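These notes are about the structure you will find just below.
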Amino acid sequence: MTKQIAVARATGDRDEFITSLVDKLSAANHLYVTDPDPRPATAVIVGPFDGEAIARYAVYENRLWDELDGPSYSMFAFFRPAAGLEGSAFVDEYRDHAAVARLHHPGIRRYSQDIVSSFEGEDRWRCSGISELHFASREEFRDRFWLNDASRDVIARDVLRFSDPSTAKQLVVAEISRG
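In terms of my numbering, the sequence shown is residues 10 to 188.
Below is the structure:
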């Protein structure tokens with residue numbers, strides 16, 4: 010399945026930013042926004058979006074599991090391939106990561122690996138793959154992100170097989186319920 014993902018950043022008030030996005034989006038869109046903190050709010054918009062964005066992606070979605078009903082608390086991870094790993098070799102290594110993620114991130118209720126087919130935006134947001142880790146709540150994210158103490162190292166080693174850690178980005182976001 011193909012879909013669009015955009016990343017947008019607030020230039021002012023967080024609540025005004027969210028309201029303006031909600032007003033622009035259709036019911037088919039999903040809107041995720043970072044929790045309040047000293048930095049400006051950042052949003053991930055899944056679905057068509059013609060507003061101002063710092064990055065836009067057309068992706069091929071590979072949803073590996075979906076056991077989620079309702080809004081989510083999520084992490085979007087943006088990956089560039091490891092040196093010397095391009096095209097289908099990257100995709101193969103990235104796909105193999107799903108089994109490791111399934112075991113070591115027990116709280117994930119929906120997991121997708123999106124392969125980027127086109128990109129426009131700030132070069133620092135350029136990537137080849139976007140992982141979507143969706144949890145049922147902020148508490149599930151906090152309490153069930155890792156299987157055990159060793160899981161952090163297992164995941165870190167596995168991610169190095171397919172990605173360049175110096176360029177990886179992560180956004181932890183809450184889905185905004187609309188309607």
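For each residue, glycine too, the CB sits at the ideal point set by N, CA and C. All values derive from a computational prediction rather than experimental measurement.
query: Where does Glu70 fall in DSSP's three states?; result: strand
query: By a C-beta neighbour count over all protein chains shown, 10 Å radius and 16 as the cutoff for buried, is Tyr120 buried or exposed?; result: buried
query: Beta carbon of Tyr41, beta carbon of Glu184: below 7 Å?; result: yes
query: Among residues of its own chain, excluding the 5 on either side of Arg72, which ones have a beta-carbon nearer than 6 Å to its beta-carbon?; result: Ser121
query: Distance check for Ser127 and Asp59, CA to CA, integer angstroms please.; result: 16 Å
query: In the DSSP assignment, the beta strand (DSSP E) including Ile54 goes from what residue to what residue?; result: 51-55
query: Suppose you measure from the CA of Ala36 to the CA of Pro174; what does that come to, to the nearest Å?; result: 35 Å
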